[in-house]
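The opening residue of the sequence shown carries number 1 in the UniProt record's numbering; numbering runs sequentially from there.
Beta carbons are placed, not taken as given, at the ideal position from N, Cα and C, and that holds for glycine.
Take a look at the structure below.
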Amino acid sequence: MIKGSATVAQLPEFDEIIDVRSPAEFADDHLPGAINMPVLDDEQRARVGTIYKQVSPFEARRLGGALVAENLARHLFAHFQDKPRSWRPLVYCWRGGQRSGAFVTWLRMVGWDACQLVGGYKQFRRQVVDELESRPAALDFRIVCGPTGSAKTRVLEALAGLGAQILDLEALVAHKGSVLGGLPGVAQPSQKAFETQLHARLKGFDPARPVFVEAESRKIGRLHVPGALIERMRASPCVTIDASRDARIAFLLRDYAYLGDDAEALKFKLSCLQRLVSSATLARWCEYADRHDLPGLFAELIDQHYDPLYRRSQNSNYLRYADAKRIETDDLSDAGIVEVAKRILEA
């Protein structure tokens, strides 16, 4: 290994991970825990790239070198003046090239034992993709099933509180999964960022213990669950929450209460169902939205959309659904959800 360089396997050895790519690259995805110290901002990177292609590499490097030096100086003044001599950072860019190389050179000249990530983000991304393909096969998943309104995500949280291992995919993708599942004011991450978070979660599980995960489709919102994981889930043992209709409606009214605040946003979400329901039905549901009548809307959605869809999908998608242990309940209050979780662990 060249002095001043390190591999992905050595990440835990460093005090800080510094991503020197542009803010847009960083926002799309980055190594867990990394901070962004761009040597070129988005506009500067685009400008240098244009000169490289349209004028010459030399002209691009001449401008880029000046901009990098300016940005490095600003970072050194603003962020690193309090770092002790023993501080050891790892620096990376797209593929371990000039951007991170320049940053590491200056940090090492100061006297810190800074290292450059071999292969950069590109190498890290390749490892994430490879391990998302292989790691699910080593884990013992238990699938928590149940129709919409069964409080599956809250049950997962209760299972975690009881010491179980859980994989909350909906938390990772910032979406509740259904047509109404977008979270107000919260954008979903990029596909790459989701996969990076997922990879970190899978790495942290003990293969000797079960991992509870909610039954999901291949797509949650606009993001896709990696193929190896969804196939492993679909072949895994299931447990089903069999909650009463009244309990489910009461839970939905609590969990989706914010939908009553914006009738237009709710109607936009409902419009996504126009190919699945009649025009008359959709118009009636939009009237519920205008009246802020969530009880009436949720009751019809359960009876006419969610439950029929659930019956079709679970039997066909989850191979062991027919053999699932059923947990019956008419109480999806906070206390009732904890009780469901306890019964799942006993099943």
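Environment of residue i [buried if 16+ CB atoms lie within 10 Å]
i	result
Val213	buried
Ala289	buried
Ile302	buried
Val129	exposed
Ile35	exposed
Ser56	exposed
Glu346	exposed
Phe77	exposed
Gly185	exposed
Glu195	buried
Tyr258	exposed
Phe268	exposed
Ser217	exposed
Leu319	exposed
Residue i: first and last residue of the uninterrupted alpha helix (DSSP H) it sits in
i	result
Phe298	Leu294 to Leu301
Phe141	Element bounds for Phe141: not the alpha helix (DSSP H) but the beta strand (DSSP E), Asp140 to Cys145.
Asp82	Careful: Asp82 lies outside any alpha helix (DSSP H) and carries neither H nor E.
Ala200	Gln191 to Lys203
Asp334	Asp334 to Glu346
Leu159	Lys152 to Gly161
Through-space distance from residue j to residue i, alpha-carbon basis
i	j	result
Asp334	Ala341	11 Å
Gly146	Ala187	26 Å
Gly33	Phe26	12 Å
Arg42	Val20	As written in the sequence, residue 42 is Asp, which differs from the Arg given in the question. In a straight line, the C-alpha of Asp42 is about 12 Å away from that of Val20.
Thr281	Val179	16 Å
Pro292	Gly260	First, the amino acid is wrong: residue 292 is His here, not Pro. If you take the alpha carbons of His292 and Gly260, they lie about 5 Å apart.
Lys176	Gln123	32 Å
Arg45	Arg222	29 Å
Met1	Gly119	Residue placement at Met1 cannot be trusted, given a pLDDT of 46 that sits under 50; the coordinates are not used to answer.
Gly181	Ala208	33 Å
Val8	Tyr256	41 Å
Asp113	Phe58	30 Å
Gln10	Arg201	18 Å
Arg61	Ala73	18 Å
Ala69	Val39	8 Å
Thr50	Pro226	35 Å
Pro337	Leu253	For clarity, residue 337 is Ile in the given sequence; the question names Pro instead. Cα to Cα, the separation comes out at about 15 Å.
Ile327	Glu339	10 Å
Ala66	Ala24	21 Å
Glu170	Met109	45 Å
Ala174	Thr105	39 Å
Lys219	Ile230	10 Å
Leu167	Leu63	47 Å
Ala193	Asp29	5 Å
Leu159	Asp246	23 Å
Gln54	Arg47	11 Å
Leu107	Asn71	13 Å
Ala138	Tyr92	30 Å
Asp140	Tyr121	30 Å
Where residue i sits in the DSSP three-state scheme
i	result
Lys325	strand
His75	helix
Met1	Because the pLDDT at Met1 is just 46, under 50, the model does not fix this residue reliably, and the point stays unresolved.
Gly101	helix
Glu216	coil
Gly129	Looking at the sequence provided, one finds Val at residue 129 rather than Gly. The answer is helix: DSSP assigns Val129 an H, G or I state.
Arg209	coil
Gly182	strand
His30	coil
Arg135	helix
Gly96	coil
Leu276	coil
Trp112	coil
Ala247	helix
Arg312	helix
Thr148	coil
Asp331	coil
Tyr258	helix
Gln188	coil
The beta strand (DSSP E) enclosing residue i, as first and last residue numbers
i	result
Gln165	Gln165 to Leu167
Tyr288	Not the beta strand (DSSP E): Tyr288 falls in the alpha helix (DSSP H), residues Ser279 to Asp290.
Thr240	Cys238 to Ala243
Leu270	Segment Ala263 to Ser271 is the alpha helix (DSSP H) holding Leu270; no beta strand (DSSP E) there.
Leu90	Pro89 to Tyr92
Strand pairing of residue i, partner residues [DSSP]
i	result
Phe58	Note: Phe58 sits in no beta bridge, so no partner.
Phe124	Partner(s): none; Phe124 has no beta bridge.
residue 351	Shown here, the chain extends from 1 to 347; a query on residue 351 therefore has no answer.
Asn36	Asp19
Leu223	Ile220
His175	Gly182
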